[in-house]
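So the structure is just underneath, and the comments pick up after that.
2 protein chains.
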Amino acid sequence: MAKKVKNNKRQLILDEAAKLFKAKGFGGTSMRDLGAQVGMEAASMYNHINSKDEILEIICFHVSDTYISQLAQIEQTQASYVDKIKALIHLHIRLMIEDGAAVSVANNDWKYLTADKLEAFKQARKNYEKGFAALIEQGIAAGELQPVNTSVALFTILSAVRWVELWYRPGRGITAEELEENIMTLLLNGLAK
Amino acid sequence: MAKKVKNNKRQLILDEAAKLFKAKGFGGTSMRDLGAQVGMEAASMYNHINSKDEILEIICFHVSDTYISQLAQIEQTQASYVDKIKALIHLHIRLMIEDGAAVSVANNDWKYLTADKLEAFKQARKNYEKGFAALIEQGIAAGELQPVNTSVALFTILSAVRWVELWYRPGRGITAEELEENIMTLLLNGLAK
DNA sequence: CCTACCGATCGGTAGG
DNA sequence: CCTACCGATCGGTAGG
Chain A
1 MAKKVKNNKR
11 QLILDEAAKL
21 FKAKGFGGTS
31 MRDLGAQVGM
41 EAASMYNHIN
51 SKDEILEIIC
61 FHVSDTYISQ
71 LAQIEQTQAS
81 YVDKIKALIH
91 LHIRLMIEDG
101 AAVSVANNDW
111 KYLTADKLEA
121 FKQARKNYEK
131 GFAALIEQGI
141 AAGELQPVNT
151 SVALFTILSA
161 VRWVELWYRP
171 GRGITAEELE
181 ENIMTLLLNG
191 LAK
Chain B
1 MAKKVKNNKR
11 QLILDEAAKL
21 FKAKGFGGTS
31 MRDLGAQVGM
41 EAASMYNHIN
51 SKDEILEIIC
61 FHVSDTYISQ
71 LAQIEQTQAS
81 YVDKIKALIH
91 LHIRLMIEDG
101 AAVSVANNDW
111 KYLTADKLEA
121 FKQARKNYEK
131 GFAALIEQGI
141 AAGELQPVNT
151 SVALFTILSA
161 VRWVELWYRP
171 GRGITAEELE
181 ENIMTLLLNG
191 LAK
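So the sequence lines, in the order shown, correspond to chains A and B. When you line the first sequence up against my numbering, it's residues 1 to 193, in that order. When you line the second sequence up against my numbering, it's residues 1 to 193, in that order.
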């Protein structure tokens with residue numbers, strides 16, 4: 001029971017930290033800012049977390065773990081390469097909408113991870129990118145996709161979904177489904193007629 | 001003569017600041033870090049610039065001014081809408097390659113501008129986006145482009161070119177021209193066959 | 001979970 | 001352009 005309460009507070013700290021890090025950056029967010037948001041003195045939060053660095057760590061690896069496990073699942077399906085890539089785009093958009101603050105932090109503030117965690121994170125991201133790129137490459141080889149440069153295609157896709165968080169606001173003219181449909185059309189069929 | 005030297009130092013400070021802000025963020029870069037990079041004590045730099053905030057200001061508005069004046073030029077040409085949009089994509093990629101540090105700072109650290117400059121910057125960006133969106137809208141109306149959501153198309157394009165800076169390294173497998181060709185193909189014709 | 005406080009570092013100024 | 005320094009704020013600890 002005490003454990004439950006402790007975990008709730010801990011999760012609250014992590015959630016509020018993700019929002020603040022997204023809004024003001026890791027360096028721009030002080031433990032006193034975070035305490036004010038959580039409703040606690042800065043010093044008190046150290047009963048729930050070990051350090052400011054640890055907060056960033058937990059957020060970043062939570063996100064990268066999610067992407068990596070989902071990629072593994074998608075790789076195992078029997079779908080076409082086009083559909084596998086669509087599933088990955090869908091995953092990115094969905095995570096952006098559902099857990100945008102954490103995803104933003106993992107995208108922008110990962111560089112402030114401490115040395116060893118930084119290496120681990122970069123490696124995890126590289127592995128994810130390699131897996132994604134392999135699907136594109138195989139899709140081209142299978143004749144499903146245009147013969148573009150694989151890296152360019154990979155990063156164009158990753159970038160295109162990345163900024164959903166910055167300008168998409170639910171209930172402002174376009175639904176999540178319409179958003180996804182439009183992005184899919186653009187990436188797969190292009191803007192020109 | 002004395003003025004010339006002063007301006008050179010000032011420009012050096014601005015250039016090194018852009019690199020450091022890009023690498024470590026505005027908040028993560030101290031005036032002492034910057035001084036070390038420039039070859040000066042932190043205090044000495046205040047003979048060339050007024051404040052750390054001013055450095056960020058100059059970098060951000062230099063970039064937004066460039067985009068806005070180039071957009072105005074492109075708008076006045078007689079080219080088709082597709083070609084105008086291609087010209088804008090070309091502009092973004094070229095600026096990313098030529099002045100990537102400053103562009104990155106304007107993209108990521110603008111939020112640390114002081115209140116009034118922040119408003120001005122957001123307004124400038126909004127104006128640019130409106131002008132870009134208008135070209136897409138007119139291109140759709142003219143039947144040159146697919147009838148996708150204009151905002152989605154705009155931000156997908158802006159995002160897709162934005163991350164060139166993060167992964168493109170000259171001389172590593174692909175030239176700037178090939179990069180541009182590939183991005184154009186993807187955005188205009190799509191990935192699917 | 002709070003008060004009180006630590007050493008370090010910050011942006012910036014004074015004075016030369 | 002440097003030395004010396006300011007008040008403020010930082011992440012974190014001690015002790016209760």
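For glycine and all other residues, C-beta sits at the position ideal for the given N, C-alpha and C.
Measuring alpha carbon to alpha carbon, tell me which residue in the options is nearest residue i.
{"i": "A134/A", "options": "G28/A, V38/A, N8/A, K84/A", "result": "K84/A"}
{"i": "I58/A", "options": "I13/A, T156/A, V148/A", "result": "I13/A"}
{"i": "T156/A", "options": "L166/B, V148/B, R10/B", "result": "L166/B"}
{"i": "V161/A", "options": "L56/A, G173/A, L88/A", "result": "L88/A"}
{"i": "W163/B", "options": "E180/B, N149/B, G171/B, T150/B", "result": "E180/B"}
{"i": "K19/A", "options": "D99/A, S51/A, A72/A, K9/A", "result": "D99/A"}
{"i": "E129/B", "options": "D53/B, V105/B, H92/B", "result": "H92/B"}
{"i": "A101/B", "options": "H90/B, R125/B, V63/B, K86/B", "result": "V63/B"}
{"i": "I97/B", "options": "P170/B, G190/B, G139/B, K86/B", "result": "P170/B"}
{"i": "Q123/A", "options": "C60/A, N149/A, I140/A, L188/A", "result": "C60/A"}
{"i": "Q146/B", "options": "G27/A, N107/A, A106/A, L191/A", "result": "L191/A"}
{"i": "T29/B", "options": "D53/B, Y168/B, L158/B", "result": "D53/B"}
{"i": "I140/A", "options": "F132/A, T150/A, G131/A", "result": "T150/A"}
{"i": "L56/A", "options": "G39/A, A36/A, M31/A, L71/A", "result": "M31/A"}
{"i": "V82/A", "options": "I174/A, E178/A, F132/A", "result": "F132/A"}
{"i": "R94/A", "options": "Y168/A, E137/A, L188/A, R10/A", "result": "Y168/A"}
{"i": "A72/B", "options": "N127/B, A176/B, F121/B, T114/B", "result": "N127/B"}
{"i": "V148/A", "options": "R10/A, L34/A, L188/A", "result": "L188/A"}
{"i": "Y67/A", "options": "R10/A, T114/A, A176/A, F121/A", "result": "F121/A"}
{"i": "Q138/B", "options": "T114/B, R10/B, E75/B", "result": "E75/B"}
{"i": "S159/B", "options": "R10/B, A115/B, S104/B", "result": "S104/B"}
For residue i, go through chain A and note every residue whose CB falls closer than 9 Å to its CB, in chain order.
{"i": "E178/B", "result": "N149, V152"}
Taking all protein chains shown into account, decide if residue i is buried (16 or more other Cβ within 10 angstroms of its Cβ) or exposed.
{"i": "E16/A", "result": "buried"}
{"i": "D65/A", "result": "exposed"}
{"i": "D109/A", "result": "buried"}
{"i": "L153/A", "result": "What sits at residue 153/A in the sequence shown is Ala, not Leu. A153/A comes out buried."}
{"i": "E41/A", "result": "exposed"}
{"i": "Y46/A", "result": "exposed"}
{"i": "K111/B", "result": "exposed"}
{"i": "T143/B", "result": "First, the residue type needs correcting, since residue 143/B is Gly and not Thr in the sequence shown. Exposed is the call here."}
{"i": "A23/B", "result": "exposed"}
{"i": "A79/B", "result": "exposed"}
{"i": "A43/B", "result": "exposed"}
{"i": "S69/A", "result": "exposed"}
{"i": "S51/A", "result": "exposed"}
{"i": "V5/A", "result": "A caution first: V5/A carries a pLDDT of 48, below 50, which makes its placement in the model too unreliable to give a value."}
{"i": "K3/B", "result": "Note that K3/B scores a pLDDT of 43, beneath 50, so its modelled location is shaky; the value from the coordinates is reported in the next line. K3/B comes out exposed."}
{"i": "N8/A", "result": "exposed"}
{"i": "M1/B", "result": "Confidence in M1/B is poor, its pLDDT being 38 and thus under 50, which makes the residue's placement unreliable; the coordinate value appears in the next sentence. Exposed, since its Cβ has fewer than 16 Cβ neighbours within 10 Å."}
{"i": "L186/A", "result": "buried"}
{"i": "A106/B", "result": "buried"}
{"i": "G25/B", "result": "buried"}
{"i": "I183/B", "result": "buried"}
Using the beta-carbon of each residue, which ones in chain B are nearer than 9 Å to residue i?
{"i": "Q146/A", "result": "T185, L186, N189, G190, L191, A192, K193"}
{"i": "Y112/A", "result": "K24, G25, G28"}
Run through the DSSP bridge pairs and tell me what residue i is partnered with.
{"i": "A192/A", "result": "L145/B"}
What residues of chain B sit near residue i, judged by a beta carbon separation below 7 Å?
{"i": "F155/A", "result": "W163, W167"}
{"i": "V82/A", "result": "A192"}
{"i": "N182/A", "result": "V148, N149, V152"}
In chain B, which residues lie less than 8 Å from residue i when you measure between Cβ atoms?
{"i": "A141/A", "result": "Result: empty, since nearest Cβ-Cβ is about 12 Å, beyond 8 Å."}
So which residues on chain A does residue i lean against when the C-beta distance must stay under 7 Å?
{"i": "I174/B", "result": "N149"}
{"i": "S159/B", "result": "S159, A160, R162, W163"}
**OP:** Starting from the N-terminal side, write out each stretch of the alpha helix (DSSP H) that is 4 residues or longer and does not extend beyond the stretch 46 to 92 of chain B.
**Re:** Entirely contained in the stretch 46 to 92 of chain B, the alpha helix (DSSP H) runs reaching 4 residues are, in chain order, 52 to 76.
**OP:** Note down, one range per segment and in chain order, each beta strand (DSSP E) of at least 3 residues found wholly within the stretch 100 to 180 of chain B.
**Re:** Listed in chain order, nothing qualifies, since the stretch 100 to 180 of chain B has no complete beta strand (DSSP E) run of 3 or more residues.
**OP:** Mind listing, in chain order, the continuous alpha helix (DSSP H) runs of no fewer than 4 residues lying wholly within the stretch 11 to 38 of chain A?
**Re:** Those alpha helix (DSSP H) runs which fall completely within the stretch 11 to 38 of chain A and span 4+ residues are 31 to 38.
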